[in-house]
Structure formats: structure tokens, C-alpha cells
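Numbering (UniProt numbering), first residue to last: 1 to 361. Using N, Cα and C, we set each Cβ at its ideal position, and we do this for glycine too. Structure record follows, encoded as C-alpha cells.
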Amino acid sequence: MLILNFTFLALVLVNSYVNAQTSSCLQCSSDDSGCDEGTVAPTNCPTPNDSCYSLTLSGGFILERGCLGTLSDEEQARCVDPTDRSCTVCSEPGYNRARWPACHQCSKSSNSKCAFHPNRIAFCRNYMEDDRCYAQVVGDDVIRGCQSDLPENEDPCKRNKYCITCSDGDACNGADQDVLKTVTRCVQCKEGDFRCIDGTTTNSECDEREDRCYIKMWREGELDRGCVKKLNQEEQQRCNDESDRSCYSCSGRQCNNHRWLRCFHCAPGQNATCAEEQTNAILSYYCGSFDLGDRCYSKLVNFEVTRGCASDLGVNVDPCKGVDTCVSCSSDGCNSISEAYIKYAGEVKRGSIIQNIQKTI
């Protein structure tokens, strides 16, 4: 009988131990080293089977972590309320170590330092694991804060290009007002504007904060400059494709101000006057491919003259390689020279080669 009673008592004790396990949580506040980072070692809670919590106090300047059972009934109700994100609760031991995002939170209208030297860093009022800090210019004001604190977690930069969001560390939204107002600027024009041809049209802001500039040739042979994200999806893909040289895109302020070369184009059988000096501007048109180092050429091969753009022959192709009777140049319509001049240029080139050979003998 004594043995049975002892066995029963042992089972009761084991069952009580299983059902009343000791809980451990991080128990600290921002005043304690390592608390904000969640690196403090967890310690046992006063009561068993407790949950852990993290909550913000004093307007977000203090983060507190601890055992839920140590809070008042009112605070516990706040922490277990799924609609209140100012406190988080977890049941796993020591799991209240998650990073709580902190951002610069201020407005220039109430704190002049907010524009260039923000100094009010606070924890976001509403916890969200993938939260982002933001900084934006709205009229004359500069506003900084946490995306999770906005109504319905709205995108603060939607319809505002003077805005940035970030999540690469606490208080990452410290960019000053001038940086926030720095937006991609490109030359934006069509060929109807005579300054568009040589790229001297004044640059202007793109609709998007981060964009690329482009120079594009339409099928009709008309030049167009602007911001890539203003193009339709198909045209954007074309301009971002480095192998498609009918559109050139670049990054940097006004980087699309380069001139797209125009050359005379003709070949044997296409134009009876190709060998003559070219004076008809209609025969001078844009090269089909864009190349920053493009050149026009005129060459005489097998008694026939050909004119065109080096870029249309391929990438980094020298149209005059191995041909003495060939002249290349880099200004619009510069390949207008006659067959007689091409021959003369060839003779001069051959003469220079002979002189160089004689000097080495």
C-alpha cells in the first residue's frame, strides 16, 4: 500500500512539473546594454508557463522586454490585443529578442533640424517585421517616420518622387532635404525641337525618382530623348537591352545629350551619283545604331564607292581596315567627298606607308 501511494505521489509531482514549466524571457529596457539589439540573455520569469513581450514606451524612445505576467491587467490586455501593434507577445522561451525597427521621426514644420540634421530617433509605434523608414519632401515641409505608422501601411512614396524608403538599419532615413529633392534629370525632347538633334535641350526632371535616360531612333528615322520609365514596357525592354543599339540608355544627369551621328548612305546599284560629291542633304540620315565613337565612312573598292556608318557594320568595326582608298570621319555628313578625293586620300596613305618603310631601310 505504501508503495502504491509513493508511486501515485511521484506521478502527481511529475505531472505538475510538466504542466508548470519555468518560462524564460529577455527582461530589460533600453537603459540596459544589449536590450535594444536583443542580445541580453533570457532569465526565468516569476511565474511558470508565462509568455514574453516587447513593447514601446515614452513615445517610442524606450523599448521594454519582459514576462507578460509582470504587467498590469491593462497592459496585458494591450499586449494580447491583435489590433494593437505597440506590443508583441511570444510563447517560446526567450523569443522576445526580435529587432524592433527605429527611424528618424520628425517634421521640419515643428523641428527645423529635421531638414538637414535630424536627431529624433525613436522606435516605430507599430511593430512590423519588414517595416521601412521613410523621408519625404511635401511642399516646404520635410517629414520622416515609419511606414508602419501610416494609415493602412500605405506607401509614403506613392505619387511623391521627393521621397525615399529604406530598411538597411535603424535611422536609415537621415538623407538631407537636398538629397531628397535630387531626382534623375534627362534631356526630354523630340526632333521637332531643333535643339533635340544636338542634345542641347535643357534637361528636366523625370516623373520617377530613380530612372535612366535614353536616346532612341524611331522607325521613321526621327530622334527622341527622354526618361526610360516614361516609355511603354516593350520600349523599356528595348532600351535596357545593351544588344539593341537602336536605343541607348544611361545613368546620370543629362547623360543622353550625346549627338546621334548622321552620315551619307549609298551603295553601288542604289544611287547612280554615289561616286560624286554628296550635296543632297536628304541622303544624309541617322545611323541605324548608336555608338558614342561612331564614324562616317566613304570607301572605294573594286571601282565602286560605298558610304555609310561604321556602327551599322557591327560593333567596333573599322570600315577602313585593309582598305587604302577609304576615309572615315566623325561629324555629321562628313563623308560627302567625291571618288576623286577618296583616291587621292588613298595615294597619300600609300605614300606615307612607303616613306615610313624607306626610313627604316
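**Q.** Euclidean distance between Cα positions of E304 and V183
**A.** Note on geometry: alpha-carbon atoms of E304 and V183 lie some 52 Å from one another.
(Q) Excluding the 5 residues flanking L9 on each side, which residues of the same chain have their C-beta closer than 6 Å to its C-beta? (A) Since pLDDT at L9 reaches only 37, below the 50 mark, its modelled position is unreliable, and no value is offered.
Q: Using the DSSP secondary-structure output, state which residues sit across from K229 in a beta bridge.
A: In DSSP, K229 forms no bridge with anything.
Q: Just confirm the distance between the C-beta atoms of C296 and C263, as a whole number of angstroms; I'd bet it's less than 8 Å.
A: 4 Å
**Q.** N-terminal and C-terminal residue of the alpha helix (DSSP H) that C67 is part of
**A.** Careful: C67 lies outside any alpha helix (DSSP H), inside the beta strand (DSSP E) at I62 to C67.
Q: Determine the DSSP secondary structure at D178, reduced to helix, strand or coil.
A: helix
Q | beta strand (DSSP E) runs wholly inside the UniProt domain "DUF753" (262 to 335), at least 3 long, in chain order | A | 262 to 264, 284 to 286, 296 to 301, 304 to 309 and 326 to 329
Q.
Under DSSP, the beta strand (DSSP E) around D141 begins and ends at which residues?
A. D141 to C146
Q | Inter-residue spacing [alpha-carbon to alpha-carbon] between Y134 and C35 | A | 24 Å
Q) Cα-Cα, which of A122, K181 and E234 is closest to S30? A) Out of A122, K181 and E234, A122 has the C-alpha closest to the C-alpha of S30.
Q. Would you call K299 buried or exposed, if buried means 16 or more other Cβ atoms sit within 10 Å of its Cβ?
A. buried
**Q.** Option in L57, P156, V179 and G59 with minimal Cα separation from A115
**A.** V179
Q: Could you name the residues that DSSP lists as bridge partners for E205?
A: R185
Q) Candidates Y341, Y162, I215 and E37: which alpha carbon is nearest D291's? A) I215
Q: Could you have a look at L13 and say whether DSSP puts it in helix, strand or coil?
A: Confidence at L13 is low in this model, with a pLDDT of 34, below 50, so the placement of that residue should be treated as unreliable; the coordinate-derived value is given next. Three-state result, L13: helix.
Q) Can at least three beta-carbon pairs, one atom from the stretch 155 to 173 and one from the stretch 223 to 232, be found at a separation below 8 Å? A) no
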